[in-house]
Amino acid sequence: MSSLVAYYSRTDITKKLAEEIAGRLNADIEEITSTVKYDGKIGYARAGKDAMTVKIIEIGNLKYDPSNYDVVYLGVPVWAGKAANPLISYIKQNEGKFNNVKFFVTAGSSGFESAFKQMEEFVGKAPLKTLALTTKQVKKGDYDLDSYLE
7 MSSLVAYYSR
17 TDITKKLAEE
27 IAGRLNADIE
37 EITSTVKYDG
47 KIGYARAGKD
57 AMTVKIIEIG
67 NLKYDPSNYD
77 VVYLGVPVWA
87 GKAANPLISY
97 IKQNEGKFNN
107 VKFFVTAGSS
117 GFESAFKQME
127 EFVGKAPLKT
137 LALTTKQVKK
147 GDYDLDSYLE
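Position in the sequence shown counted from 1, then plus 6, gives you the working numbering.
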């Protein structure tokens, strides 16, 4: 089964998880980049505002077409109780191209369910599985991916 791991990460927490998932699956990996600057304190505030308004933004060039994969793993941090808008923009740009999806979400402490719901609405189908991890769990490696990757 062919897999693609597509993710957005502002602080490299989601990136760490995405790289581990891709490595375990021997999957292709697509880092979604934003043309909007979300770094620093001002970027953090902009990220929250853009997430709350579900602003669709321009993202960087992509290497992979999700329609060529049996499963696409979509990874994202939670911003203001929503999925970070660079990933939502990626989903919107690839509308109708997802055969099957699995979601993984990272957050400081909450917002997982609302992010999953939003991602499902934009993808247009329910995920095969979901994975929700706090920043602390990812940093410490305090998680087990086996059941998620089955």
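Even for Gly, the Cβ is constructed at its ideal location relative to N, Cα and C.
Check: Of all the options SER120, LEU10, GLU37, LYS22, which has the alpha carbon lying nearest to the alpha carbon of ASP76?
Finding: Within the sequence shown, numbered from 1, the residue matching residue 76 stands at position 70. It is LEU10 whose Cα lies nearest to the Cα of ASP76.
Next item on the list: Give, in chain order, every unbroken run of the beta strand (DSSP E) that is at least 3 residues long and sits entirely within the stretch 47-132.
Entry: 77-85, 107-113
Checklist line | Same chain only: Cβ atoms within 6 Å of SER15, ignoring 5 sequence neighbours per side | finding: Counting from one through the sequence shown, the residue named residue 15 turns up at place 9. Excluding sequence neighbours, SER15 sits near LYS21.
Next item on the list: Specify, as a first and last residue, the run of the beta strand (DSSP E) that SER15 falls within.
Entry: By one-based count along the sequence shown, residue 15 stands at place 9. Careful: SER15 lies outside any beta strand (DSSP E) and carries neither H nor E.
Next item on the list: Please classify GLU36: does DSSP put it in a helix, a strand, or coil?
Entry: As a first step, residue 36 must be located in the sequence shown, where it is residue number 30. In this structure, GLU36 counts as strand in the three-state DSSP scheme.
Note to self: Considering only the alpha carbon of each residue, which of PHE104, LYS103, ILE94 lies closest to PHE122?
What the structure shows: Start at 1 with the first residue of the sequence shown, and residue 122 comes out as number 116. Comparing Cα-Cα distances from PHE122 to each of PHE104, LYS103, ILE94, the minimum goes to ILE94.
Notebook entry, point to check: What do you reckon, are the CB atoms on ALA89 and VAL82 nearer than 9 Å?
Noted result: Sequence index remark: in the sequence shown, residue 89 carries index 83 (1-based). Sequence index remark: in the sequence shown, residue 82 carries index 76 (1-based). Yes, Cβ-Cβ distance for ALA89 and VAL82 is below 9 Å.
Note to self: Within 10 Å of its beta-carbon, does SER8 have 16 or more other beta-carbons around it, so buried, or fewer, so exposed?
What the structure shows: As a working note, residue 8 is residue 2 in the sequence shown. So SER8 ends up on the exposed side.
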